[in-house]
Every structure is written in structure tokens, then in C-alpha cells.
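Have a look at the structure below, then the notes.
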Amino acid sequence: MAWGGWGGGGGMFGGGVATGLPFGGIPSELMPEATKLLAKEPPHPPSAINFTQRPSAKERERLTLPKLLRVYPGYVTSGSLLVIVISLVMQVGPLLTEFAINNGMGGTREPLGGHRSLTIIAVCALLYLASAFVSVFLQRMQVDVTGRLSSRVMHDLRIRVFTHFQRLSLDFFTDEKTGVLMSRMTSDVENLQQLIQDGISSFALQGLTMVVITIVLFSLNVTLATWTILLIVPLLFVISIWFHRASERGYLLVRDRIANVLADLSESLYGIRVVTANNRQRRNIRNHRHVVGAYRDSNLYTGRVNSIYGPATIMIGILGQGLLLGIGGHMYLHHQLSLGALAAFFLYLNRFFSPIQLLVQQYTALQQGRSSIIRLRELVETPPTVDEVEDAATLPTIEGRITFEHVSFGYVPGQLVLHDINLEIAPGESVAFVGPTGAGKSTMAKLANRFYDPTEGRVLLDGVDIRTVTLHSLRSQLGVVPQEAFLFAGSIRTNLSFGRTQITNEEIEEAVDVVGLRDLVDRLPDGLDTVVHERGQTLAAGERQLLALARAFLARPRVLILDEATSSLDLRSETVIERALDRLLEGRSAILIAHRLTTAQRADRIVVIDQGGIVEMGTPSELLKAGGAYAAMYNAWLASGGRDVSGA
Ligand SMILES: Nc1ncnc2c1ncn2[C@@H]1O[C@H](COP(=O)(O)OP(=O)(O)OP(=O)(O)O)[C@@H](O)[C@H]1O
Ligand SMILES: [Mg+2]
């Protein structure tokens with residue numbers, strides 16, 4: 004839904020300014036603010052984007068957290084140093100207290116007998132305050148450093164994953180749910196960001212704090228330290244292990260169930276028309292109640308777990324204080340402990356607890372981060388099924404001879420959709436593929452521009468196996484208008500100039516005339532700058548097809564592949580479209596996939612495809628004369644009211 008809001012001028016292509024925003028650019032209502040902000044920005048050097056289908060050595064590196072962090076050694080070292088210093092500075096306070104009590108208030112072993120000095124007390128108090136300020140200041144610095152580090156690492160990671168998306172082949176996107184891929188970029192990346200920003204540093208900080216406190220306790224008094232550790236730690240350990248197990252279970256439950264809620268929500272929203280038309284509202288609500296209820300239960304569960312763990316650790320803390328009071332008081336009376344040391348023990352005991360609680364909580368974050376990086380690694384290590392060979396050549400400008408040589412293909416292993424196809428399309432020739440639904444026509448088109456590779460056989464362009472050339476040089480010479488025309492949120496102008504970077508206004512106007520879009524453009528409030536919303540939902544299906552045709556016209560490819568590109572057009576615009584097709588096909592080889600036989604009749608040659616094989620092939624008049632499959636289709640088409648263009 005978020006894309007729907009983007010509109011207005013200043014688009015990436017439309018406004019001519021490379022703002023770097025997705026397709027549609029900045030919404031018009033935000034434009035004044037954006038201009039103000041941009042005026043204040045220092046000039047950015049244009050970022051050089053070197054996209055190659057084959058990843059560079061650096062991009063092929065294994066995705067691990069250390070490798071992501073290694074790029075920023077400055078931040079990593081300063082962050083680590085800060086953590087160490089903070090963990091030391093934070094524990095100065097109780098020691099100062101001990102010193103003040105023993106040497107300023109007479110708290111040495113003789114009851115009330117020691118040295119008394121206001122100066123010492125004052126100095127200790129001031130130092131106490133100073134240490135607190137220093138530690139707060141250092142913590143601020145540390146949060147700043149790790150914040151910068153995590154933002155930068157996340158930026159790199161997002162770009163790396165997105166770049167990989169650009170490399171992956173079509174089958175990947177049909178197999179993977181878009182929602183799942185989205186969650187890689189949202190929750191997984193955010194988990195990692197959280198981990199770098201808070202997780203690692205606070206894990207290290209709490210761990211170090213516990214070590215420092217343990218050392219200090221033992222240096223103060225070995226016996227009391229041993230008692231404290233022995234009595235407290237096992238209890239705490241047991242309850243923490245329980246909490247860790249229970250909360251991890253809760254976390255997994257919550258995660259799965261929120262995913263269900265989101266999946267149900269998105270499906271209901273996308274399919275709202277079908278839902279309404281089929282009166283499915285009640286059933287949908289019941290369904291949603293069910294998933295939302297399960298989500299609530301999982302939240303209640305984690306709430307219960309937390310409500311046990313928090314108070315339980317507080318209980319252990321109080322228990323510890325009681326024991327300390329008893330044992331420590333006994334030792335004090337037996338001159339084994341100073342009053343100051345006893346006070347310090349009390350203070351440290353409290354400080355011992357919060358790291359444990361935090362460690363247990365951070366551990367979950369650590370695990371989440373770990374599984375996120377594993378999922379992201381799997382993603383960037385998924386190889387594209389359609390990839391360039393090591394030393395792929397650049398396909399020189401082609402004449403447009405397309406050859407299918409013994410091509411067999413199946414989407415799923417073992418289930419062939421095309422069987423041993425042999426076909427040659429001469430330069431400049433237009434060939435129509437006709438045949439029943441599911442015959443394999445679109446599949447042939449997808450093989451021609453290498454959306455998929457044949458399972459067997461080869462597809463050649465001007466005699467060159469298309470698997471041996473770079474994808475960029477191949478696709479820049481092929482224009483495809485797919486069966487489902489897709490428009491991006493943005494102006495019509497932006498959408499038209501999608502296939503080429505340098506397009507003049509005149510060219511766009513010409514394309515609009517050629518495909519017969521003039522009426523529509525004149526009717527729209529802002530003409531070419533009218534914003535079409537997400538997927539062009541505000542346009543009729545036929546209008547979307549015309550826009551897609553104009554886009555292909557502007558890309559000026561050597562070979563055109565039109566998959567049912569005229570199927571949604573009404574009969575009135577048929578003549579316009581026929582003229583448009585004539586212009587579009589001028590001097591180009593073309594594959595026209597058409598259920599509408601008027602379109603097929605205009606082709607130089609017709610290929611009838613059925614059940615994955617070519618059953619008939621010839622010029623329209625030859626096929627009509629032959630009285631085979633095509634003639635039968637044509638007669639059926641006439642009988643159903645199709646316009647006779649056979650000239651017979
Ligand atoms: N991504 C896919 N994964 C698995 N099978 C697929 C996939 N796409 C298409 N198919 C199957 O391949 C066969 C050929 O499909 P194709 O889209 O080429 O048919 P078509 O001739 O273009 O049909 P239509 O005229 O309805 O567009 C069909 O049986 C279809 O179910
Ligand atoms: Mg098709």
C-alpha cells in the first residue's frame with residue numbers, strides 16, 4: 004500500500020532529476036518541503052552503480068556478521084574500547100562508598116572506632132558523582148558509535164540483498180512468496196540492526212560487568228564473595244535457564260502467529276473484490292478471528308513468562324540481601340569484614356542482578372539476529388538459475404533471426420511443457436503463435452528472452468546461443484510486452500520511458516499517437532503527468548495494454564515479443580491497434596501471441612502450438628487453404644462473431 008502514496012512531479016525520469024526515489028518520485032504535496040531540504044544538503048557526488056549480472060569477488064564473499072562489521076574498523080574498535088571502559092567506570096561507585104565508610108565514617112573493623120573525616124567523605128561523594136557523569140557520557144558516545152555502525156552496516160546489507168534480487172531469475176520470484184521476501188528486508192534486516200546497535204554491545208557490557216563485579220567482590224572479601232556466589236548464582240542460573248527456554252518458545256510462537264495474521268490480512272485486502280463479490284465477509288472475519296486469537300494467546304503466554312521471571316529474580320535478590328545481612332553482619336562482629344566492605348557488597352549485589360536479567364533477554368535478540376543472518380545468507384547465496392557464463396560476450400546489434408533448436412522445457416523437473424521445438428524466425432519476419440490455453444505459447448516467449456533456459460536444445464539469436472551472451476546485451480535488443488501489463492506507481496510519462504534512459508518529449512508524444520493513446524492522455528487531468536497508482540489499478544486493462552505497447556515502441560528493440568498484448572482491447576480500437584502494430588513491427592522480427600485471430604492474420608507466418616509442440620506452420624492463407632487445425636480455429640472464431648480478415 005505504501006507505494007500508492009508516491010506520485011506527483013519530480014519523478015526519477017519524469018522530472019529529469021535523479022532523486023533516487025522509487026519510480027514515482029516525491030509526492031507533490033511534499034515537494035516544497037523536499038526542495039527546501041535538498042537546498043540545505045551538501046552536494047552529493049553522483050553514486051557510481053556498477054551492476055553486473057555476475058557478482059564481483061567482494062559480493063561473492065560469505066555473508067557473516069564479522070565480515071559486515073570489518074568494513075568499519077574505526078567504529079568497531081572505538082565501540083569495543085568504550086564498552087570496556089564503561090564496564091570499569093560503572094563499578095567505581097561502590098568502591099568509593101566502601102572507602103568513605105571505612106576511612107571517613109570510622110567503619111573499620113573496631114565497631115565505631117576508626118578514623119573520621121568529612122573531607123574524605125566529601126571527596127568520595129564528588130568522585131562518585133564524577134564517575135557517574137563520566138559513565139553516562141561514555142555510554143552516550145558508545146550508543147552513538149554503535150548507532151552509526153549499525154546504520155551503515157544495514158545500508159550495505161540492504162543494498163547487497165536488493166542487488167541480489169535484481170540478479171535472480173524469474174522462477175525464484177514465482178516460487179517465493181513476495182511477503183516472505185519482504186520480511187527478509189524488513190524484520191530480518193531490522194533484527195540484525197537491533198543486534199548491532201544494542202545486542203552485541205550490551206551483551207559484552209553486561210558480561211564484562213559481571214566479570215568485573217565478581218573480581219571486585221573476591222578482592223574485597225573472599226569468604227563473603229564465595230558465600231554470595233554459591234547461594235545466589237545457582238538459583239539465578241536455574242530460573243534463567245527456564246526463562247530462556249520458555250521465552251524462546253514464546254518468541255517462536257509469536258513470530259509464527261503474527262506471520263499468519265499478516266498473511267491473512269494481506270490476502271483479504273488484495274482479494275477484497277473477490278471477497279465482497281462472493282459474500283465471504285463473515286467467513287473471512289471468522290477466519291481472521293481465529294488467527295488473531297491465536298496471536299493473542301501467544302502474547303498472553305510470553306506475558307505470563309515475563310511476569311514470573313521478573314519478580315522471581317527480584318525475590319532471589321531480596322533473599323541474597325537477607326543472607327548477606329546475616330552472614331556479613333556475623334563476619335563484621337567477628338572482625339572479619341569492615342563496615343564499608345559490607346556496604347559495597349550490598350551495592351554490588353544489586354548490580355549483579357540486572358546484567359543477568361539483561362543477558363538472558365539479550366540472548367534471545369542474539370539468537371534472532373543469528374537466525375536472521377542465516378536466512379539472509381541463504382538468500383544471497385541462492386544462485387540465479389538463468390545466469391551469465393564466466394566470459395559472456397556482448398551480443399552485437401542483431402538482425403533478428405530467432406532460432407529454436409530442438410528445444411524442450413519444463414518448469415518442474417520431469418514435467419515437460421514444450422517438446423522438441425524447432426522453429427526459425429527470419430530477420431524482419433513476424434510470427435504469430437496461436438493455440439489453446441496452456442499450450443505453451445507464453446513459455447516459448449519466455450525462452451526467447453531467457454527468462455528461463457531450455458531443459459534441452461538451444462535458442463539462438465542471429466546464430467548465437469543466447470546463453471553465451473550477457474543478459475544486458477541480450478535484453479536490450481528484445482522488447483517484451485507481457486500478458487499482464489504492469490505499471491509502476493508514477494506518472495504515465497515515467498512509465499513510458501521505463502525501458503530507456505534518454506527519451507525526448509517528442510518521442511513520447513509520437514509513441515502516444517502511434518498506439519492510439521491520444522484520447523486517453525487528453526482526457527486525463529494532467530495529461531502525460533497524470534499519476535497512475537499502484538499497478539495501474541486506476542486504468543482500464545486495455546489502457547494498460549496500450550501503455551505497455553507504447554513502452555515497447557519507445558524502447559526500440561530489434562526483436563519484439565507481444566504476449567496477448569491486444570487481448571483486452573475493444574473492437575473499436577482494433578483498427579487503431581492494427582495500425583500501431585504495423586508501425587511497431589516495421590523492420591523488426593516479432594513473436595505475436597494472440598487468441599484474437601485478426602492479429603494473427605497480420606503476421607507473416609502462423610505457428611499453431613498445442614500441448615507443447617508445433618502442430619502446424621505456414622502463412623495465414625496457406626494454413627486456411629490446408630484446412631487443418633488453424634482453419635478450424637479460424638472458422639470457430641468467425642462463427643463466434645470474429646471479423647473476417649482472411650481476404651477470401
Ligand atoms: N511458473 C510456472 N510453473 C509451473 N508451470 C507453469 C508455470 N507457468 C506456466 N506453467 C504451465 O505451463 C503450461 C504452458 O503455459 P503457458 O503460459 O505457456 O500457456 P499459454 O499457451 O501461454 O496459455 P494462454 O493462452 O492461456 O496464455 C501450462 O500448463 C501452465 O500451467
Ligand atoms: Mg500465455
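All letters in the sequence shown, in the order written, are residues 4 to 651 by my numbering.
Just so it is clear, CB atoms sit at the ideal spot from N, CA and C, and this is done for glycine as well.
Computed from a predicted model, the values in this text were never measured in an experiment.
First through last residue of the beta strand (DSSP E) which encompasses residue i
i	result
residue 616	616 to 621
residue 341	That residue, residue 341, is in no beta strand (DSSP E); it is neither H nor E in DSSP.
residue 422	421 to 428
residue 509	Counting along the chain, residue 509 falls outside any beta strand (DSSP E), though it belongs to the alpha helix (DSSP H) covering 508 to 517.
residue 396	First-last for residue 396: undefined, no H or E at that position.
residue 436	433 to 437
residue 87	Note, residue 87: premise wrong, no beta strand (DSSP E); alpha helix (DSSP H) at 76 to 92.
residue 631	From DSSP, residue 631 is part of no beta strand (DSSP E); its letter is neither H nor E.
residue 1	Nothing can be reported for residue 1: it is not among the residues displayed for the chain, which extend from 4 to 651.
residue 559	Per DSSP, residue 559 belongs to no beta strand (DSSP E) and is neither H nor E.
Between the CA atoms of residue j and residue i - distance to the nearest angstrom
i	j	result
residue 73	residue 156	10 Å
residue 2	residue 361	In the structure as shown, the chain begins at 4 and stops at 651. Residue 2 is therefore absent and cannot be evaluated.
residue 11	residue 88	Note on residue 11: pLDDT 35, under 50, position unreliable in the model; the coordinate value appears next. When rounded, the distance between both Cα atoms is 52 Å.
residue 283	residue 294	17 Å
residue 270	residue 184	16 Å
residue 133	residue 382	49 Å
residue 639	residue 409	31 Å
residue 2	residue 154	Lying outside 4 to 651, the shown extent of the chain, residue 2 is not represented and no answer is given.
residue 329	residue 260	49 Å
residue 90	residue 496	59 Å
residue 598	residue 459	28 Å
residue 422	residue 610	15 Å
residue 239	residue 316	7 Å
residue 415	residue 195	35 Å
residue 141	residue 338	39 Å
residue 131	residue 219	17 Å
residue 256	residue 301	6 Å
residue 287	residue 281	11 Å
residue 7	residue 534	Note that residue 7 scores a pLDDT of 35, beneath 50, so its modelled location is shaky and nothing firm can be said.
residue 33	residue 529	18 Å
residue 16	residue 591	Its pLDDT being 37, under 50, residue 16 is placed unreliably by the model, and the measurement read from it follows with that caveat. Each residue's Cα considered, the two are about 27 Å apart.
residue 221	residue 253	38 Å
residue 9	residue 513	Legend: pLDDT at residue 9 = 35, less than 50; position of this residue unreliable, value from coordinates given subsequently. So the alpha carbons of these two residues sit roughly 27 Å apart.
residue 368	residue 167	26 Å
Integer Cβ distance of residue i from residue j, believed to fall under 8 Å
i	j	result
residue 424	residue 617	6 Å
residue 605	residue 581	7 Å
residue 607	residue 467	That belief does not hold up - the Cβ atoms of residue 607 and residue 467 are roughly 23 Å apart, past 8 Å.
residue 553	residue 499	5 Å
residue 104	residue 342	5 Å
residue 631	residue 619	5 Å
For residue i, the first and last residue of its enclosing alpha helix (DSSP H)
i	result
residue 67	Residue 67 -> no alpha helix (DSSP H), and no H or E assigned at all.
residue 172	Per DSSP, residue 172 belongs to no alpha helix (DSSP H) and is neither H nor E.
residue 293	284 to 336
residue 247	225 to 273
residue 41	34 to 43
residue 525	521 to 526
residue 95	95 to 107
residue 592	Residue 592 -> not in any alpha helix (DSSP H); beta strand (DSSP E) instead, spanning 592 to 596.
residue 562	Premise fails: residue 562 lies in the beta strand (DSSP E), 562 to 566, not in any alpha helix (DSSP H).
Whether residue i touches residue j by CB criterion (8 Å)
i	j	result
residue 557	residue 521	no
residue 212	residue 358	yes
residue 476	residue 596	no
residue 547	residue 490	yes
residue 164	residue 379	yes
residue 207	residue 86	yes
residue 192	residue 161	yes
residue 438	residue 403	no
residue 387	residue 172	yes
residue 351	residue 216	yes
residue 474	residue 453	yes
residue 398	residue 488	no
residue 463	residue 400	no
residue 234	residue 296	no
residue 511	residue 531	yes
residue 536	residue 583	no
residue 524	residue 517	no
residue 94	residue 170	no
heavy atom of ligand 4 below 7 Å from residue i C-beta
i	result
residue 420	Absence of ligand 4 from the depicted structure is noted, with ligand 1 and ligand 2 being the only ligands included.
**Message:** I need the residues with a C-beta less than 7 Å from some heavy atom of ligand 2; please give them in chain order.
**Reply:** 444, 445, 486, 566, 567 and 596
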